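Participant: Take a look at this one; I'll ask things after.
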Amino acid sequence: TMLPLLLLLLATAHALDKLPYIPTLARSPLGGLTTASTFVLEQPRCVFTEVPSDAVIWLVVAVPEAVANFNNSVGPGTPERAFQGFPGSTPAYMTLNTTILNYPCPKPSGEITVLRVGSETSCARNEMRPTCNGPLSGPGPYRVKFLALNGSEPVAETGWSKPITLKTAQPPSSIPVMGSRHSPGMIALTSILSILFAILLASLVAML
Ligand SMILES: *[C@@H]1O[C@H](CO)[C@@H](O)[C@H](O)[C@H]1NC(C)=O
Ligand SMILES: *[C@@H]1O[C@H](CO)[C@@H](O)[C@H](O)[C@H]1NC(C)=O
Ligand SMILES: *[C@@H]1O[C@H](CO)[C@@H](O)[C@H](O)[C@H]1NC(C)=O
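Letter by letter, the sequence shown follows residues -15 to -1, 1 to 193 in mature numbering (1 follows the signal peptide of the UniProt record, and there is no 0).
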C-alpha cells in the first residue's frame, strides 16, 4: 500500500528539484544596493550543482500574490511571462537567462558575483524582447527565484526570496537634512538638563 505513495514521491522528486537556497540581495560596505528601479542579487553560485550542464537558469521576478500558485511550466518569452506586461497584465516575468557555466563554483575570490535586476533600459518597451531585464516601474514589493529549465522542462528551482522593496523616488525637498532632526534620546537629555538647571537655579535663589 505504501508503494504508490513512494512512486509518487519519487516521480515528483525527479520532476523538479526544490533547492533550499533563497535568493538574497547583495550587500556593499555602504549598505543595500537598491535604487528606485533596480536591485542587486547575489549570483546563485554553487546552487544548481545537479542540473545538466546545458540547462538554462532563469530569474523569475513576481509580485508576492503570484508566488502561491506560480506555474513553472509557463515558458519564458511567452506573453504571460513578458517583462512589458509586468506587473499590470502579467504577475511575473522571466529574465537574466544564462547557463550554469556562468555561475562557476567555487566562486573565484575578488570576482564580481552579483546580478543587477532592472539594468536594461533599451528593451523596456520592446515587445519583441519579452525577457528584457528592464527597470522596475514601482517600489514593489517583489519576490524572486531562480528556475533551471532543461529545454522547456523545469528541472530545479530555488526558494522564493523575501519581499524586496525598492527605494521610493523622493523630491529633494522632502529628504531630511542631516542633523536637522533631533533623536528622542537627545530630546530627553535636553529636558533632563533643563530640569537640573532649574533646580540649581532654585537652590541658588533659596540661598540668597
Ligand atoms: C501550467 O502551464 C502549462 C503551460 O502553459 C499548462 O499546460 C498547465 O496546464 C498549467 N498548469 C496549471 C496548474 O495551471
Ligand atoms: C536567453 O534568452 C534569449 C531569448 O529567449 C535568447 O536569445 C538567448 O540566446 C538566451 N541566452 C542564453 C545564454 O541562454
Ligand atoms: C534534459 O533533456 C534531455 C533532452 O531533452 C533529456 O534527454 C534529459 O534526460 C533531460 N535531463 C534531465 C535531468 O531532465
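Ideal placement from N, C-alpha and C gives every residue a C-beta, glycine not left out.
Computed from a predicted structure; not experimentally measured.
(1) For the beta strand (DSSP E) holding R101, just list the boundary residues, first then last.
(2) Counting only the same chain and skipping the five closest in sequence on each side, list residues whose C-beta sits under 7 Å from that of C108.
(3) At what residues does the beta strand (DSSP E) containing L44 begin and finish?
(4) How about N135: is its Cβ closer than 7 Å to a heavy atom in ligand 3?
(5) Could you name the residues that DSSP lists as bridge partners for E105?
(6) Sorry if obvious, but does the Cβ on V25 come closer than 7 Å to a heavy atom of ligand 2?
(7) Sorted by chain position, which residues of the same chain lie with C-beta nearer than 7 Å to E105's C-beta, five sequence neighbours on each side aside?
(8) Should L100 and A40 be called a contact, given that it needs their Cβ atoms to be closer than 8 Å?
(9) Straight-line CA distance for N56 to A77?
(10) Around ligand 2, which residues pass a check of Cβ closer than 7 Å to any of its heavy atoms?
(11) With distances taken Cα to Cα, identify the nearest neighbour of I149 among P124, T80, P139.
(12) Starting from F24, trace the beta strand (DSSP E) both ways and give me its first and last residue.
(13) Is P139 near ligand 3, judged by its Cβ being under 7 Å from some heavy atom?
(14) With a 10 Å radius around its C-beta and 16 neighbouring C-beta atoms as the bar for buried, classify M79 as buried or exposed.
(15) Strictly by DSSP, which residues pair up with K130?
Facilitator: The short version:
(1) Looking at the DSSP string, the run of the beta strand (DSSP E) that includes R101 is 99 to 102.
(2) Excluding residues within five positions, the ones whose Cβ falls inside 7 Å are R114, C117, G119.
(3) Residues 41 to 47.
(4) At least one heavy atom of ligand 3 lies less than 7 Å from the C-beta of N135.
(5) Looking at the DSSP assignment, E105 forms no beta bridge with any residue, so it has no partner.
(6) For ligand 2, not one heavy atom lies less than 7 Å from the Cβ of V25.
(7) Here E105 has C117, N118, G119 as same chain residues with Cβ atoms under 7 Å from its own Cβ, once five neighbours each way along the sequence are excluded.
(8) Between L100 and A40, the C-beta spacing is not below 8 Å.
(9) Answer to the nearest angstrom: the Cα atoms are 10 Å apart.
(10) Going by the Cβ distance cut-off, the answer is V41, P61, G62, N82, T83, T84, T116.
(11) Closest by C-alpha distance to I149, out of P124, T80, P139, is P124.
(12) Membership of F24 in the beta strand (DSSP E) is indicated by the continuous run 24 to 27.
(13) Answer for P139: no, Cβ out of range of ligand 3.
(14) Burial state of M79 is buried, judged by a 10 Å Cβ sphere holding 16 or more other Cβ atoms.
(15) According to DSSP, K130 shares a beta bridge with V45.
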